[in-house]
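S.K.:
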Amino acid sequence: MDVEQVQTVVNEVGADYFPIKLVEEIAEASERNDLTDEELEKLVLKVKEAYEREEVEPGESVGTIAAQSVGEPGTQMTMRTFHYAGVVELNVTLGLPRLIEVVDARKKISTPTMDIYFTDEFKNDEEFIRKMGNKIGKITLNDVIKNFNVNYMDNVITAEIDQDILDERRLELSEVTGEIEKTFKQVTINNNLL
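Quick note on this note's numbering: the sequence shown kicks off at 12 and runs consecutively.
As structure tokens, then:
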């Protein structure tokens, strides 16, 4: 059925105020589902009923309702983010900034997160999970050093690695020093001093 035929049915049921886009969508649905004239009339009546149910009364405070509809979930989202008990590190964008990211459908979000579910074989193996977290998580030198000193006279940088943090993150000193040696030309290692 073409748009003109559907428009005729729409006019017959007293829905001549339908936007042309809606009439076109009804025509597409009618053609796609091969509706009879009787079925088309039923469809138009259902659409008319739904359309009228969604209309707003003149004078309705739509701005306030819209603000409330956006504000309440944003507030709830912010409150939920503080209930991550037991999570070692969680940095999330809270409240309005995150809501803006979602509404704008930004390609690059400021704090991307990922939920990873382990199979039954590994889900209770805390050591394995920590090692995996360390492999895929971002750890900087600043995260594992205790003291940092720059000697401008001798052109030397000294960094003391915090062994407790290495143990906590299940890292080996050789892993840290290996990464540092990739960047700097001369690295001297003395216990946990670089």
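Where is the CB? At the ideal position from N, CA and C, for every residue including glycine.
Taking Cβ to Cβ, would you say V73 is nearer than 7 Å to V81?
M.R.: In the sequence shown, counting from the first residue as 1, residue 73 sits at position 62. In the sequence shown, counting from the first residue as 1, residue 81 sits at position 70. No, the Cβ-Cβ distance between V73 and V81 is not below 7 Å.
S.K.: What is the rounded straight-line gap between the Cα of R117 and the Cα of V167?
M.R.: Taking the sequence shown and counting its residues from 1, the one referred to as residue 117 is at position 106. Taking the sequence shown and counting its residues from 1, the one referred to as residue 167 is at position 156. Rounded to the nearest angstrom, the two C-alpha atoms are 43 Å apart.
S.K.: Could you give the first and the last residue of the continuous alpha helix (DSSP H) run that contains Q147?
M.R.: Here residue 147 refers to the residue found at position 136 when the sequence shown is read from its first residue. Here the sequence assigns Ile to residue 147, which means Gln is not the residue at that position. Start and end: E137 to I147.
S.K.: So, with DSSP's three-state summary, where would you put K53?
M.R.: Numbered from its first residue, the sequence shown carries residue 53 at position 42. Helix at K53.
S.K.: Please go through the region 20-69 and give each complete alpha helix (DSSP H) segment of 4 or more residues, from N-terminal end onward.
M.R.: Whole alpha helix (DSSP H) segments, 4+ residues: 31-44 and 48-64.
S.K.: Can you tell me whether F195 is buried or exposed, with buried defined as 16 or more other CB within 10 angstroms of its CB?
M.R.: Position 184 of the sequence shown holds residue 195. Exposed.
S.K.: Compare the beta carbon distance of I127 and V155 with 7 Å and say whether it is the shorter of the two.
M.R.: Residue numbering aside, residue 127 sits at position 116 when the sequence shown is read from its first letter. Residue numbering aside, residue 155 sits at position 144 when the sequence shown is read from its first letter. Going by C-beta atoms, I127 is not nearer than 7 Å to V155.
S.K.: If you draw a straight line from the alpha carbon of D45 to that of V113, how long is it in whole angstroms?
M.R.: In the sequence shown, counting from the first residue as 1, residue 45 sits at position 34. In the sequence shown, counting from the first residue as 1, residue 113 sits at position 102. If I take the Cα positions, the gap works out to 38 Å.
S.K.: Keeping to the same chain, check which residues put their C-beta closer than 7 Å to that of I150; ignore five residues upstream and five downstream.
M.R.: As a working note, residue 150 is residue 139 in the sequence shown. R180, listed in sequence order.
S.K.: Could you check what DSSP says for K157 in three-state terms: helix, strand or coil?
M.R.: Counted from its first residue, the sequence shown places residue 157 at position 146. It is a strand residue.
S.K.: Between the Cα of E83 and those of L110, E186, V20 and A61, spot the shortest distance and give me the residue it belongs to.
M.R.: Taking the first residue of the sequence shown as position 1, residue 83 is located at position 72. Checked all of L110, E186, V20 and A61; the closest Cα to E83 is L110.
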